[in-house]
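So the protein sequences, as listed, match chains A and B. Residue numbering for the first sequence follows the numbering used here, starting at 6 and increasing by one per position. Residue numbering for the second sequence follows the numbering used here, starting at 6 and increasing by one per position.
Protein chains: 2
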Amino acid sequence: MTQPTPRTRVARIPDRGHYDAATIYAILDAAHLCHVGFALPQEDGAPPPPPQPFVTPTLFGRDGDQVYFHGSAASRMLRHAAGGFPVCLEVTIEDAIVLARSAFHHSMNYRSVVVLGTAELVTETAQKLRALEIIAENVVPGRWADVRAPYEQELKATSVLRLPLNEASAKIRTGPPKDEEEDYSLPIWAGILPLRQTAGELQPDPRLTPGIEIPEYLRKLSIG
Amino acid sequence: MTQPTPRTRVARIPDRGHYDAATIYAILDAAHLCHVGFALPQEDGAPPPPPQPFVTPTLFGRDGDQVYFHGSAASRMLRHAAGGFPVCLEVTIEDAIVLARSAFHHSMNYRSVVVLGTAELVTETAQKLRALEIIAENVVPGRWADVRAPYEQELKATSVLRLPLNEASAKIRTGPPKDEEEDYSLPIWAGILPLRQTAGELQPDPRLTPGIEIPEYLRKLSIG
Chain A
6 MTQPTPRTRV
16 ARIPDRGHYD
26 AATIYAILDA
36 AHLCHVGFAL
46 PQEDGAPPPP
56 PQPFVTPTLF
66 GRDGDQVYFH
76 GSAASRMLRH
86 AAGGFPVCLE
96 VTIEDAIVLA
106 RSAFHHSMNY
116 RSVVVLGTAE
126 LVTETAQKLR
136 ALEIIAENVV
146 PGRWADVRAP
156 YEQELKATSV
166 LRLPLNEASA
176 KIRTGPPKDE
186 EEDYSLPIWA
196 GILPLRQTAG
206 ELQPDPRLTP
216 GIEIPEYLRK
226 LSIG
Chain B
6 MTQPTPRTRV
16 ARIPDRGHYD
26 AATIYAILDA
36 AHLCHVGFAL
46 PQEDGAPPPP
56 PQPFVTPTLF
66 GRDGDQVYFH
76 GSAASRMLRH
86 AAGGFPVCLE
96 VTIEDAIVLA
106 RSAFHHSMNY
116 RSVVVLGTAE
126 LVTETAQKLR
136 ALEIIAENVV
146 PGRWADVRAP
156 YEQELKATSV
166 LRLPLNEASA
176 KIRTGPPKDE
186 EEDYSLPIWA
196 GILPLRQTAG
206 ELQPDPRLTP
216 GIEIPEYLRK
226 LSIG
């Protein structure tokens with residue numbers, strides 16, 4: 006994964022493309038939500054019908070050189086992806102709005118990863134539990150060991166997919182705006198507005214049994 | 006758009022599906038980043054080759070019953086979408102991590118919209134400028150009027166696409182976790198951790214001309 010494939014090479018602004026595992030893994034590990042793209046044949050198109058793409062947001066987690074994502078075994082996305090059709094798993098972290106002096110040079114600072122490939126169903130129980138733990142721990146570290154483990158019928162109702170990271174690329178923009186040289190003298194404020202996802206104050210379930218304290222691993226996630 | 010189509014009907018947990026314009030527009034208007042899914046035929050597959058889906062993050066804006074998105078005229082995604090192929094435009098707003106007592110019932114609170122359809126290129130100059138203004142104002146209200154307008158060659162280098170909102174659906178989860186009845190007595194903390202995107206302190210361009218004040222429309226976006 007240190008070389009792009011023709012499909013993952015960043016064509017627009019190639020300087021923003023990165024293909025090393027360290028860069029790609031760091032972006033994946035900083036995110037918990039991905040968008041999975043898949044394409045279904047259309048029944049009503051003239052032959053050959055153009056496929057209809059779909060994009061589904063879902064939680065994920067990385068383990069070494071693969072990512073796991075999961076959902077209901079009845080989900081259209083998971084059933085399709087498990088059928089050996091190509092998927093695209095995409096992660097975007099927004100870092101800033103880039104405020105240039107010209108409308109044209111406005112941009113975002115971001116870190117994104119695109120993974121192309123074919124996912125496979127994780128069927129063995131111990132592997133499936135381990136994959137679910139990896140996804141859960143990627144969202145809230147410490148949670149998995151604290152909660153009631155899945156029953157067998159819950160595991161059966163859940164599909165877990167494994168996608169290898171051998172065809173992936175990152176795209177990153179950082180830094181201030183880049184304006185046309187003649188625009189730098191314009192009397193327009195320029196710079197960046199940083200963005201980040203922040204956690205609010207934990208809100209207890211109305212049915213929470215009185216006396217249960219917020220565990221430390223959750224307390225440190227909250228900024229409330 | 007008050008009735009789902011077979012392709013936009015929320016199949017998993019139908020109670021979370023919404024098809025009215027007010028709900029869909031409110032979610033779109035609360036977001037600025039979307040993910041556009043598209044599918045390209047694969048050259049190396051056995052006939053008929055399965056299409057390869059791609060997902061590209063991009064900024065967007067809504068105007069009435071259509072959304073605009075844009076990018077480099079050379080972008081693969083925009084060239085494909087402008088060619089009349091079906092696309093999927095997806096928006097996700099994460100509202101909270103839902104911490105249930107069982108691993109299985111963990112979830113997210115979110116608002117998402119899926120739009121299916123075929124986009125068309127906006128070619129007329131005034132319409133194109135207006136569409137770019139709508140996208141810009143959806144990201145930073147007040148910015149468009151303050152910056153240097155696009156030159157003709159900048160407009161030519163930019164593709165703007167219009168996607169109608171006539172096949173769209175929203176999916177929303179709100180509220181506390183829903184556990185199995187017998188799990189409510191477990192001594193496990195349960196509730197939600199709210200998430201939101203926040204803006205940091207504006208960082209001036211190192212090349213900013215001294216003496217240019219931060220305009221009010223930007224100052225109020227910052228929490229620094």
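Cβ coordinates follow ideal geometry from the N, Cα and C atoms, glycine included.
{"Asked": "Three-state class that DSSP yields for N171/A in the structure shown", "Found": "coil"}
{"Asked": "Status (buried if at least 16 other CB within 10 Å, exposed otherwise) for Q8/B", "Found": "exposed"}
{"Asked": "Three-state secondary structure (DSSP) of R84/B", "Found": "helix"}
{"Asked": "Y222/B beta carbon less than 8 Å from that of R148/B", "Found": "yes"}
{"Asked": "Beta-carbon gap between V92/B and A173/B smaller than 8 Å", "Found": "no"}
{"Asked": "Exposed unless 16 or more other CB atoms sit within 10 angstroms - verdict on A27/A", "Found": "exposed"}
{"Asked": "Cα-Cα separation, L170/B to A154/B", "Found": "28 Å"}
{"Asked": "Alpha helix (DSSP H) segment containing V144/A, residue limits", "Found": "T130 to V144"}
{"Asked": "CB contact check: T13/A to chain B, cutoff 8 Å", "Found": "no"}
{"Asked": "L160/B vs T130/B beta-carbon contact at 8 Å", "Found": "yes"}
{"Asked": "Cβ-based contacts, 7 Å cut-off: residues of the segment 164-178 of chain B near chain A", "Found": "none"}
{"Asked": "Per DSSP, cross-strand counterpart(s) of D68/B", "Found": "Q71/B"}
{"Asked": "Below-8 Å beta-carbon distance, Y30/B vs any chain A residue", "Found": "no"}
{"Asked": "Contact set between the segment 77-103 of chain A and chain B, restricted to residues whose Cβ is under 7 Å from the partner", "Found": "S77, A79, S80, R81, F90, P91, V92, C93, E95, T97, E99 and I102"}
{"Asked": "Proximity winner among A108/B, E138/B and V118/B, relative to L137/A (alpha-carbon distances)", "Found": "A108/B"}
{"Asked": "Beta carbon proximity, V144/A to chain B, threshold 8 Å", "Found": "yes"}
{"Asked": "Collapsed DSSP secondary structure at A44/B in the structure displayed", "Found": "strand"}
{"Asked": "Within 8 Å of chain B by C-beta, residues of the segment 108-124 of chain A in sequence order", "Found": "A108, F109, H111, M113, Y115, S117, V119 and L121"}
{"Asked": "R67/B and L33/B closer than 8 Å at C-beta", "Found": "yes"}
{"Asked": "Collapsed DSSP secondary structure at T123/B in the structure displayed", "Found": "strand"}
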